[in-house]
Amino acid sequence: MTKTRSRKALYIGLPLALVAALGGAAGYYFWKQDGGYPRAIVQQANDLHEHMLSFDSHVTVPLGYGSTGYEADKDGRGQFDLAKAAKGRLSGAALTVFGWPELWNGPNAPHRPTPGFIDEARNQQEVRYKIISGIVRDFPNQVGIAYTPEDFRRLNGEGKFAIFISMLNAYPLGSDLSQLDLWTKRGMRMFGFSYTGNNAWADSSRPLPFFNDTPDAFGGLSPLGEQAVKRLNDLGVIIDVSQMSTLALEDVARLSRAPFVASHSAPRALVDIPRNLSDKEMQLIKDSGGVLQVVAFTTYLKPLSKPTLEKLEALRARFDLQPLQGLTNALMPGDPIIAIWPEARFGEYASSLYAIVDEEPRAGLKEYVDAIDYAVKKMGIDHVGISSDFNDGGGVTGFMNVGEIRNVTAELLTRGYSETDIAKLWAGNFLRVWGQVQKAANPVAQLANSSQETRHD
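Structure follows, in structure tokens:
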């Protein structure tokens, strides 16, 4: 049976159960665990989203998107569709062209890497790109692709949802730098080097011993990755440092002449895992002029509970692993000894680990906006934004789909954020960075790209 993509990616396959939204004649989608927001706050948040641009910087496109129950134009079972976006008044989102090896599928799974892994990951990219193109083709009066910040604003003015195409994980590109040009011509405007496991371009914040990864194998970016930074700058593509190792992020900071972003990350001060960003890394993003898009992902926002940790320790003892030293190996099978385990033993351990972590209570809006508060305190209001990681484990109670974005705004209003600052968090900061990255592009590369791209909107 096919596992969820999160489990293929060796992270937490959190369920996509949707929180029931409170209705009303005005169509408000507000809910809070402790009893709800004051009417005045609800009204202010609703009014704000009637005229404010809003942007979610990381939404995964499921490979089965468009099938029954997951149609783009219907309010279905998933966390993102055009119907929910309209209800929430979400102006646009980064839909991710993603690819990662299908190691969980087939007989005797999981598998160690084979020569076909890159081909399979590249096929996933193509499927997702065709899905995005199909949405624009099939619903031209509702949606368009934004190639520039001006496109984003124009589409909003036309009453259309703006799709921003991003790419996560350089693994499917092999060692072919020219793929960056190809994908930019196809509309990609943000590129993330890393996912779970190192690749030929960069070290990951979550190296995977099952793939024979070791921490900091390249000491950051590889020579190919260093070339990619310059090429992405030339092409006017935003560099996304989420999921990179610390040394790789530092290399991007050293080499990039344009601002860069973390499209879906959280502060390490909240949960001390390499996947989250340290204060130093956050400062490097700020120093570049970039933005940290704080992600609504439970296990990045609050530490595991005592019952969950006790179950994990018992599991580790059963597999002859040392007790946990922090949370680094609590959320994924990352112990170095796993490199020599048989595939069956690894599969049993990984499946058991995820089953335990899946039982962890979901974070809520309080924990999510606590993370935004921390980032704003450390980086300033001009360097923080919002992301969900929907369709790949993201979502907190009260913000479980794109129809519930006004709940985040209501929580921000109760914390004393001004409407101007909320507008920066929801889209203004990201659009500013996007414009700066495009202005810093090499005019020759930019001209060659724009003359060959095919527009869909």
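If you want the working numbering, it's the position in the sequence shown, counting the first as 1, plus 1098. Each residue gets a CB set at the ideal place from its N, CA and C atoms; glycine is no exception.
- Task: Would you mind reading off the limits of the beta strand (DSSP E) that contains L1345?
- Result: Unbroken run through L1345 is the alpha helix (DSSP H), 1344-1353; no beta strand (DSSP E).
- Taking buried to mean at least 16 other C-beta atoms within 10 Å of its own C-beta, is A1244 buried or exposed? A residue is called buried once 16 or more other Cβ atoms fall within 10 Å of its Cβ, and A1244 is buried on that count.
- Could you give the distance in angstroms between the alpha-carbon of Q1423 and the alpha-carbon of D1314? Taking the straight line from one Cα to the other gives about 19 angstroms.
- Message: For A1469, list the residues DSSP reports as bridge partners.
- Response: Looking at the DSSP assignment, A1469 forms no beta bridge with any residue, so it has no partner.
- What span of residues does the beta strand (DSSP E) with V1359 cover, start to end? Segment 1359-1363, the beta strand (DSSP E) holding V1359.
- Item | Contacting residues, own chain, Cβ-Cβ under 6 angstroms from R1352 (five flanking each side not counted) | Listed in chain order, the non-local C-beta contacts of R1352 below 6 angstroms within the same chain number zero, local neighbours out to five positions each way being set aside.
- P1421: buried (16+ other C-beta within 10 angstroms of its C-beta) or exposed? Counting the other Cβ atoms within 10 Å of the Cβ of P1421 gives fewer than 16, which makes it exposed.
- Message: On a Cα-Cα basis, can you pick out the residue from D1145, K1404, R1251, Y1515 that is closest to D1468?
- Response: In this structure, Y1515 is the residue among D1145, K1404, R1251, Y1515 with its C-alpha nearest to the C-alpha of D1468.
- Unbroken alpha helix (DSSP H) run spanning R1226, endpoints: Looking at the DSSP string, the run of the alpha helix (DSSP H) that includes R1226 is 1215-1236.
- Query: Would you report the Cα separation of F1153 and G1295, rounded to the nearest angstrom?
  - Reply: Roughly 28 angstroms between the two C-alpha positions.
- Message: Using only the alpha-carbon positions, how far apart do L1330 and G1387 sit?
- Response: Put simply, the backbone Cα of L1330 is about 16 angstroms away from that of G1387.
- Task: Throw me the rounded Cβ distance for the A1298 and L1319 pair, which I believe falls under 8 angstroms.
- Result: Actually they do not touch by this definition, with Cβ atoms about 11 angstroms apart.
- In chain order, what residues of the same chain have a beta carbon less than 6 angstroms from the beta carbon of L1193, not counting five sequence neighbours either side? Around L1193: V1157, V1159, I1230, I1261.
- Query: M1286 by DSSP, collapsed to three states: which one?
  - Reply: It is a strand residue.
- Item | Beta-carbon contacts of E1458 that lie in its chain and below 8 angstroms, excluding the five residues immediately before and after | Closer than 8 angstroms at Cβ, skipping near neighbours: T1396, T1397, L1402, S1403, T1406.
- Query: Of all the options H1209, P1136, G1176, L1188, which has the alpha carbon lying nearest to the alpha carbon of H1149?
  - Reply: Minimum Cα distance to H1149 is reached at L1188.
- Task: State whether the stretch 1428-1438 contacts the stretch 1491-1507, with contact taken as three or more CB pairs (one from each stretch) at a distance under 8 angstroms.
- Result: As far as the Cβ criterion goes, the stretch 1428-1438 does not touch the stretch 1491-1507, which means the pair count is below three.
- Rounded to whole angstroms, how far is the Cβ of A1364 from the Cβ of L1333, which I believe are closer than 8 angstroms? Cβ-Cβ separation between A1364 and L1333: approximately 28 angstroms, too far for a contact (criterion under 8 angstroms).
- Query: A1260 bridges to which residues according to DSSP?
  - Reply: The secondary-structure analysis by DSSP pairs A1260 across a beta bridge with G1190, G1242.
- Task: Would you mind sorting S1276 into buried or exposed? The rule is 16 or more other CB atoms within 10 Å of its CB.
- Result: By the Cβ neighbour-count rule, S1276 is exposed, with fewer than 16 other Cβ atoms within 10 Å of its own.
- In three-state DSSP terms, what is F1196? Strand, per DSSP.
- Task: Just tell me which of D1471, S1485, G1317, T1344 has its CA closest to the CA of Q1391.
- Result: Nearest option by C-alpha distance: S1485.
- Item | Three CB pairs or more closer than 8 angstroms across the stretch 1344-1351 and the stretch 1460-1476 | Short answer: they don't touch.
- Just curious, the alpha helix (DSSP H) that I1520 is in, first and last residue? Start and end: 1517-1521.
- Item | Proximity winner among E1408, L1375, S1165, relative to S1477 (alpha-carbon distances) | Reading the sequence as shown, one finds Met at residue 1477 and not Ser. The shortest CA-to-CA distance from M1477 to any of E1408, L1375, S1165 is the one to L1375.
- Message: Tell me the DSSP secondary structure of A1181 in three-state form.
- Response: DSSP places A1181 within a helical segment (H, G or I) once states are collapsed to three.
- How is the alpha helix (DSSP H) around V1535 delimited, first residue to last? Counting along the chain, V1535 sits inside the alpha helix (DSSP H) bounded by residues 1527-1537.
- Could you check if D1236 is buried or exposed, using at least 16 other CB atoms within 10 Å of its CB as the buried criterion? D1236 comes out exposed.
- Quick one: give me the first and last residue of the beta strand (DSSP E) that L1390 is part of. Segment 1389-1393, the beta strand (DSSP E) holding L1390.
- Message: So for V1482, helix, strand or coil by DSSP?
- Response: In the structure shown, V1482 sits in a strand (DSSP, three-state: E or B).
- Task: Determine the DSSP secondary structure at N1540, reduced to helix, strand or coil.
- Result: Coil at N1540, not helix or strand.
- On the premise that V1494 lies in contact with R1460, defined as a C-beta separation below 8 angstroms, what is that separation, rounded to the nearest angstrom? Contact check for R1460 and V1494: beta-carbon distance about 6 angstroms, within the 8 angstroms limit, so the pair qualifies.
- Query: Within this structure, are the beta carbons of F1259 and A1170 separated by less than 7 angstroms?
  - Reply: Cβ atoms of F1259 and A1170: not closer than 7 angstroms.
- Message: Excluding the 5 residues flanking Y1447 on each side, which residues of the same chain have their C-beta closer than 7 angstroms to its C-beta?
- Response: Close CB contacts of Y1447 within its chain, under the 7 angstroms cut and outside five residues either way in sequence, are with F1417, P1431 (chain order).
- Query: Residues in its own chain within less than 7 angstroms of R1355 by CB, not counting five upstream and five downstream?
  - Reply: Taking C-beta separations shorter than 7 angstroms and ignoring five residues to either side along the sequence, the partners of R1355 in its chain run N1331, A1538, following chain order.
- Message: Report the CB separation of L1361 from S1155 in whole angstroms; it is logged as a contact under 8 angstroms.
- Response: One point to set straight first is that residue 1361 is Ser, not Leu, in the sequence displayed. Confirmed, Cβ separation roughly 5 angstroms.
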